[in-house]
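Colleague: Counting from 1, one number per residue, gives the positions in the sequence shown under the UniProt record's numbering.
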Amino acid sequence: MGRKIILTGSTGKLGSVVLKHLLKTLPPTDLIVSVYNPNGHQELKSKGVDVRAGNFDHPESLVSTYKGGDALFLVSLPSRDDKYRIKSQSQAIDAAKKAGVKHIYYTSLAFPDGSEANVMKAHFATEDYIKQSGLNYTIIREGSYMESYPVYLGLYDTSSDKVVVPGDGKVAFADRAELGEATAKIIASGEYVDETVTLTGDKAYSLKETTEILSSILQKKIEFHKVSTEEFLEHNADKYEVAEWWATSYPTLESGGLGVVDPALERLLGRKPRDFTEMLRETLSNRTAGDQELSEWSSH
1 MGRKIILTGS TGKLGSVVLK HLLKTLPPTD LIVSVYNPNG HQELKSKGVD
51 VRAGNFDHPE SLVSTYKGGD ALFLVSLPSR DDKYRIKSQS QAIDAAKKAG
101 VKHIYYTSLA FPDGSEANVM KAHFATEDYI KQSGLNYTII REGSYMESYP
151 VYLGLYDTSS DKVVVPGDGK VAFADRAELG EATAKIIASG EYVDETVTLT
201 GDKAYSLKET TEILSSILQK KIEFHKVSTE EFLEHNADKY EVAEWWATSY
251 PTLESGGLGV VDPALERLLG RKPRDFTEML RETLSNRTAG DQELSEWSSH
């Protein structure tokens with residue numbers, strides 16, 4: 001019998017891809033899927049996957065949910081409420097330890113150590129908590145999702161002919177489907193013990209370059225404006241709260257922190273990661289995809 005792996009976030013965009021690829025690699029009976037509502041999921045159950053109720057808002061119940069698992073794949077909660085995320089994720093780690101879990105896999109973001117970006121506060125706190133837990137760990141710093149390009153372009157709306165950002169720098173965007181595939185390979189391998197793995201695309205583009213590519217695909221002129229933080233917030237007055245929160249990411253971008261290309265994704269996939277322009281064109285063929293991503297960011 002192989003390692004029993006508990007998966008959280010399996011109904012989400014990244015977690016569902018990880019689950020799909022693990023099912024291709026490991027016996028379904030080696031997988032425990034923790035979901036808010038275990039009713040349904042008949043396809044998984046029929047394959048032999050153990051589907052259990054797991055609610056982050058009731059941490060005392062997570063110990064029994066995680067019982068019998070050797071490793072926990074912890075997908076970071078999608079919320080801008082850092083206190084809630086840190087508390088919930090720390091409680092999940094505590095529950096895993098009490099349940100006898102030996103290894104935590106955690107999905108972080110591919111921002112560098114020391115970044116002051118708000119988006120990294122809960123990630124850094126959770127990474128530290130895991131490292132201090134005494135459990136084996138693998139931190140997976142997932143690259144900037146291609147689908148999140150509107151967020152990086154200053155909360156850009158595809159109907160607009162203007163990109164307004166408070167900073168510019170390169171971003172090594174990656175395809176979320178490929179990140180999920182590589183993450184599954186990391187988990188299935190059982191390697192990368194007590195390591196941080198960074199997954200990125202194989203080429204980085206500045207926001208200005210991204211805007212030019214976007215303009216070419218949409219066949220319309222899109223102006224690129226680099227402005228002060230105050231002007232950026234003024235421009236996004238209708239979504240001020242998320243703009244203020246996200247604006248803290250641009251100093252990291254300007255210092256080159258998001259433009260670092262790591263070969264790990266290509267090595268794990270065994271092929272070149274998808275081409276940036278191809279991914280952007282595909283995303284734009286479904287114009288609502290990027291706007292939906294922006295909407296989700298704004299609502300968390």
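In this text, a Cβ means the ideal position worked out from N, Cα and C, and glycines have one as well.
Model, not experiment: these values are computed from the prediction.
(1) Just the Cα atoms here: how many angstroms apart are Arg3 and Gly114?
(2) Reducing DSSP to helix, strand and coil, say where Tyr145 ends up.
(3) Please name the residue or residues paired with Lys71 in a DSSP beta bridge.
(4) Judging by CA-CA distance, which residue of Asp168, Ala177, Leu153 is the nearest neighbour of Lys162?
(5) Bridge partners of Arg52, per DSSP?
(6) Would the region 52 to 63 count as touching the region 86 to 99 if we require 3 or more Cβ pairs under 8 Å?
(7) Just mark His58 as buried or exposed, buried being the case when its beta carbon has 16 or more other beta carbons within 10 Å.
(8) Which residues mark the beginning and the end of the alpha helix (DSSP H) in which Val63 is found?
(9) With 16 as the cutoff for other CB atoms within 10 Å, does Lys185 come out buried or exposed?
(10) Give the DSSP-derived three-state secondary structure of Glu127 in the structure shown.
(11) Hey, would you say the C-beta of Ala184 is under 7 Å away from at least one heavy atom of the ligand COA?
(12) Output the boundary residues of the beta strand (DSSP E) element that contains Phe224.
(13) Below 6 Å CB to CB, which residues in the same chain sit around Tyr105 once its five sequence neighbours on both sides are set aside?
(14) Taking the alpha carbon of Gln219 as the reference point, which residue from Ser88, Ser10, Asp81, Thr158 has its own alpha carbon closest?
(15) Specify, as a first and last residue, the run of the beta strand (DSSP E) that Lys162 falls within.
(16) Helix, strand or coil: how does DSSP classify Ser189 here?
(17) Just the Cα atoms here: how many angstroms apart are Leu268 and Ser76?
(18) Where DSSP assigns a beta bridge to Thr277, which residues make up the other side?
(19) Count the C-beta pairs between the region 189 to 206 and the region 263 to 278 that are closer than 8 Å, then say yes if the count reaches three, no if not.
(20) Go through its chain and collect everything with a Cβ distance to Pro38's Cβ below 7 Å, but skip five positions before and after it.
(21) Can you name the residues that DSSP bridges to residue 315?
(22) In this structure, how does DSSP classify Asn286 when only helix, strand and coil are distinguished?
(23) Please classify Glu116: does DSSP put it in a helix, a strand, or coil?
(24) Evaluate Gly143 with the Cβ neighbour count: other Cβ atoms within 10 Å of its Cβ, from every protein chain shown; 16 or more gives buried, anything less gives exposed.
Modeller: With the given structure in hand:
(1) 34 Å
(2) strand
(3) With the sequence shown as reference, residue 71 is identified as Ala, and Lys is not the correct amino acid for it. Partner(s): Ile5, His103.
(4) Here the closest residue by C-alpha is Leu153.
(5) Ser34
(6) yes
(7) exposed
(8) 59 to 66
(9) buried
(10) helix
(11) In the structure shown, the ligand COA is absent, as is every other ligand, since no ligand is present at all.
(12) 223 to 226
(13) Within the same chain, and ignoring the five residues on either side of Tyr105 in sequence, the residues whose Cβ sits closer than 6 Å to its Cβ are Phe73, Thr138, Ile187.
(14) Thr158
(15) Taken as a continuous stretch (DSSP letters only), the beta strand (DSSP E) holding Lys162 covers 162 to 165.
(16) helix
(17) 22 Å
(18) Answer by DSSP bridge pairing: none, since Thr277 is not bridged.
(19) yes
(20) Val51, Arg52, Ala53
(21) Given a span of 1 to 300 for the chain in the structure shown, any question on residue 315 remains unanswerable.
(22) coil
(23) coil
(24) buried
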